[in-house]
Amino acid sequence: MSLVIDALSIRRGAKTVLSDFSMTVEPGRVTALLGPNGAGKSSLVLALAGALPVAGGSFGLDAAPLTGASPERIRAAGIAAVPEGHRVLAGLSVEDNLLAAGFTISAAEARRGADSVYGIFPELAERRKQKAGTMSGGQQQMLVLGQALIAKPKFILVDEMSLGLAPLIVKRLMGVIDRLAAAGTGILLIEQFTTLALKHAHSAHILSRGRLSFSGSPQVLIDDPDILHRAYLA
Ligand SMILES: Nc1ncnc2c1ncn2[C@@H]1O[C@H](COP(=O)(O)OP(=O)(O)OP(=O)(O)O)[C@@H](O)[C@H]1O
Ligand SMILES: [Mg+2]
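The sequence shown maps to residues 135 to 368 in the numbering used here.
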């Protein structure tokens, strides 16, 4: 099953921030979405999470439409977003942050989900009773990713996960992304560090001013960096 986005348009206020955008996120693959500030990447993630209305077009899992569905329904269908700048609930424990993210599943499933997140991030298991706000930025980002993983989603949409984190932590998080993809999860990866994203991606797309300007193999962009440079300068 793929996450199919077909001719999607999004408006924010009077502005059209995404126009006629089509892309498929395949299971077991890392799909990179690159593009300059204000291109519309985060708006796309918010729309796919059901947090922004769609002005035209559609998206869904294969032919099953999710356009206009509530955030809860989209989550329950197996799509989890890690929105840009998402923060953990600082005053709650690591465990409570995880369990709170399991709002679409039963308490027993959330318990099992939390245990599987602890398996992926032993750093979180060690700190399960600790207040989330007292952890390092990297550990908090692990928790944010863990929250998205709690209901064992088929697809995760990861928006600027590495922002402000030390290279070693970024490497650790990217290793988890690779393993999730290898285990069958489809990943939409939005990343300011384009070299990093291209290294881990199976396919790449460039968004400029709300429109798709490139779609193809990451290797094409690695071999010809001018394609990216032009998109970022446009
Ligand atoms: N809360 C908002 N209300 C209205 N317009 C917004 C809002 N947030 C962003 N926009 C506009 O939507 C457009 C797309 O922004 P978006 O945040 O989706 O881009 P982006 O590609 O994620 O950029 P960045 O790389 O800076 O994260 C921009 O023109 C921006 O000004
Ligand atoms: Mg953004």
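Where a beta carbon is used, it is the ideal one built from N, C-alpha and C, also for glycine.
Asked, Found
"Ignore the nearest five residues each way along the sequence and tell me which others in F155's own chain have a CB closer than 6 Å to its CB.", "L142 and L346"
"Mark T238 as exposed unless 16 or more other C-beta atoms lie within 10 angstroms of its C-beta, in which case mark it buried.", "buried"
"Going by DSSP, which residues form a beta bridge with R345?", "S342"
"So what's A300 in DSSP terms, helix, strand or just coil?", "coil"
"Would you kindly work out how many angstroms separate the C-alpha atoms of G267 and D358, rounded to a whole number?", "42 Å"
"Could you compute how far the alpha carbon of F255 sits from the alpha carbon of M157?", "31 Å"
"Check whether the Cβ of K296 lies closer than 6 Å to any heavy atom of ligand 2, and answer yes or no.", "The question names Lys, but residue 296 is Ser in the sequence shown. Checking every heavy atom of ligand 2 against the Cβ of S296, none is found closer than 6 Å."
"Buried or exposed for H363, please, with buried defined as at least 16 other CB atoms from any protein chain shown within 10 angstroms of its CB.", "exposed"
"With respect to 6 Å, is the separation between the Cβ of V151 and the closest non-hydrogen atom of ligand 1 below this value?", "yes"
"Out of G190, P199 and R262, point me to the one whose CA is closest to M135's CA.", "P199"
"Going by DSSP in three states, S176 sits in which element: helix, strand or coil?", "helix"
"Rank M269, H220 and A331 by C-alpha distance to the C-alpha of A352 and give the top, closest one.", "First, the amino acid is wrong: residue 352 is Pro here, not Ala. For the residues M269, H220 and A331, the minimum Cα distance to P352 belongs to A331."
"Would you say the beta carbon of S176 is closer than 6 Å to some non-hydrogen atom of ligand 2?", "yes"
"So is the beta-carbon of E243 under 6 Å away from any non-hydrogen atom of ligand 2?", "no"
"Hey, how far is the Cα of P187 from the Cα of I144?", "7 Å"
"Is it true that the CB of A166 sits closer than 7 Å to the CB of L323?", "yes"
"For the alpha helix (DSSP H) that contains T329, what are its first and last residues?", "T328 to H334"
"Following a CB-centred definition, is E218 positioned closer than 6 Å to any heavy atom of ligand 2?", "yes"
"Considering Cα atoms alone, identify which of V164, I361, S342 and D293 is closest to K333.", "V164"
"Using the three-state DSSP reduction, which class does T268 fall into: helix, strand or coil?", "helix"
"Compare the C-alpha of T150 against each of I303, E218 and G172 and name the closest.", "G172"
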